[in-house]
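**Student:**
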Ligand SMILES: [Zn+2]
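Residue numbers (full-length UniProt numbering): 1 to 324.
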């Protein structure tokens, strides 16, 4: 693809000059909450934030600020920055219809190219929003960014990448559940009058398209899933079920200690109880990337399993992940 190019200011990314290519497992999609020129200004001055790409709203023009091999500071979580490419969409997500079709088409072309080039899996566990990035610490979760938000149409995007939605079968306890609807509300009890599953903002109480959780219980017209350390309920309806092409691997079983990244210094985000089950989304293994004054040095090799903790991903370091 052809891009406009702008150089991000040096104090907004870490240069990767280690031997061998940077392992890239994720693409993180953002919304700027600034206009195009304000965003260019921000990334080209030493503000401590950048992204690899920015896609303009009115014409879908793509501008690259940071080389794919370098680590842009966009995700608010070092481990995720180290393993990802960040794409900003020029958009104000509190307004109606914040994204333009020409912009989304440009995003599809860019994602197709990047996932091809770096062998990034085309699914919801690897093409994620900033709102799916694990908080760097348990206490920082409420201040994490919520872009690209509930108006971003994952159910449209992922099939645009050539991914065929799985055929859905009836839910079975102990098997994964997936929703092909963009967002579905989660309740504390199998009852529409029950409170939603958390008291946080709306995006913390939604099952998003393509996320995989383990079915924990069934009631007439209701499905219970293991979510955020406990049982959460969603209404059974068309577009929600057990994916026929489900993962073959046994789920992780509790107790599970979930961290913000695979690195040694990663913070613990949650302890999941004995009865908990989580779908393993990926096994990540590679050298830890350490930022030394703006340059990357490679640390020891780490391995971790990737799960959905709640609306955000979480990591289960290899040593603390007994498998059924
Ligand atoms: Zn963001």
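Glycine included, each C-beta is placed from N, C-alpha and C at the ideal position.
As the structure is a prediction and not an experimental result, all values here were calculated from the model.
Taking 7 Å as the cut-off, is the C-beta of residue 57 nearer than that to any heavy atom in ligand 1?
**Tutor:** The answer is no for residue 57.
**Student:** How would the residue list near ligand 1 read, in chain order, if you kept each one whose beta-carbon is closer than 5 Å to any heavy atom?
**Tutor:** Going by the Cβ distance cut-off, the answer is 30, 130, 145, 147.
**Student:** How do the region 301-311 and the region 82-91 stand: do at least 3 beta-carbon pairs fall below 8 Å, yes or no?
**Tutor:** The region 301-311, when compared against the region 82-91, does not touch it at the 8 Å Cβ threshold.
**Student:** Where do the ends of the beta strand (DSSP E) carrying residue 315 lie?
**Tutor:** From DSSP, the beta strand (DSSP E) with residue 315 extends over 313-317.
**Student:** Excluding the five sequence neighbours on either side, which residues of its own chain have a C-beta within less than 7 Å of the C-beta of residue 58, listed in chain order?
**Tutor:** Excluding sequence neighbours, residue 58 sits near 100.
**Student:** At 3 residues or longer, and completely inside the region 6-53: list those beta strand (DSSP E) runs for me, N to C.
**Tutor:** With a minimum length of 3 residues, the continuous beta strand (DSSP E) runs that stay inside the region 6-53 are 26-31.
**Student:** Look at the alpha carbon of residue 175 and the alpha carbon of residue 12, and state the distance between them as a whole number of angstroms.
**Tutor:** Each residue's Cα considered, the two are about 43 Å apart.
**Student:** Buried or exposed for residue 17, please, with buried defined as at least 16 other CB atoms from any protein chain shown within 10 angstroms of its CB.
**Tutor:** Exposed: under 16 other Cβ atoms inside 10 Å.
**Student:** Compute the Euclidean distance between the alpha carbons of residue 293 and residue 158, then round it to the nearest angstrom.
**Tutor:** Cα to Cα, the separation comes out at about 37 Å.
**Student:** Counting only runs of 3+ residues fully inside the region 128-200, write out the beta strand (DSSP E) ranges in chain order.
**Tutor:** Those beta strand (DSSP E) runs which fall completely within the region 128-200 and span 3+ residues are 176-179, 183-185.
**Student:** Within the chosen definition, does the region 240-256 reach the region 173-190 through at least 3 CB pairs nearer than 8 Å?
**Tutor:** Yes: at least three Cβ pairs fall under 8 Å.
**Student:** Check each candidate in 82, 76, 44 and name the one with the smallest Cα separation from residue 65.
**Tutor:** That would be 44, whose Cα lies nearest to the Cα of residue 65.
**Student:** May I have the straight-line CA-CA distance separating residue 257 from residue 220, to the nearest angstrom?
**Tutor:** Spanning the two alpha carbons is a distance of roughly 32 Å.
**Student:** Using C-beta distances below 7 Å, list every residue in its chain close to residue 83, excluding the 5 sequence neighbours before and after it, in chain order.
**Tutor:** So the qualifying residues of the chain are 23, 24, 25, 26.
**Student:** Does the count of Cβ pairs from the region 144-152 and the region 161-170 closer than 8 Å reach three?
**Tutor:** As far as the Cβ criterion goes, the region 144-152 does not touch the region 161-170, which means the pair count is below three.
**Student:** Rounding to the nearest angstrom, what Cα-Cα distance links residue 53 and residue 71 in this structure?
**Tutor:** One C-alpha to the other measures close to 12 Å.
**Student:** Three Cβ pairs or more, each shorter than 8 Å: is that satisfied between the region 261-269 and the region 127-141?
**Tutor:** The region 261-269 vs the region 127-141: in contact.
**Student:** Under 8 Å Cβ to Cβ from residue 9, same chain only, skipping five residues before and after it: list those, please.
**Tutor:** Excluding positions up to five away in sequence, the list reads 43, 44, 45, 46, 47, 50.
**Student:** Return the CA-CA distance between residue 19 and residue 114, expressed in angstroms with no decimal places.
**Tutor:** Their Cα atoms are separated by approximately 21 Å.
**Student:** Distance check for residue 191 and residue 285, CA to CA, integer angstroms please.
**Tutor:** Approximately 41 Å, taken between the alpha carbons.
**Student:** Three-state secondary structure (DSSP) at residue 79?
**Tutor:** Residue 79: helix per DSSP, three-state reduction.
**Student:** Tell me, which residues are paired with residue 253 by DSSP?
**Tutor:** Answer by DSSP bridge pairing, in chain order: 277.
**Student:** Drop a sphere of 10 angstroms on the beta-carbon of residue 213, count the other beta-carbons inside from all chains shown, and report buried for 16 or more, exposed for fewer.
**Tutor:** Counting Cβ neighbours within 10 Å, residue 213 comes out buried, since at least 16 surround it.
**Student:** In the DSSP assignment, what residue or residues form a beta bridge with residue 227?
**Tutor:** Paired residues: 230.
**Student:** Evaluate residue 124 with the Cβ neighbour count: other Cβ atoms within 10 Å of its Cβ, from every protein chain shown; 16 or more gives buried, anything less gives exposed.
**Tutor:** Buried.
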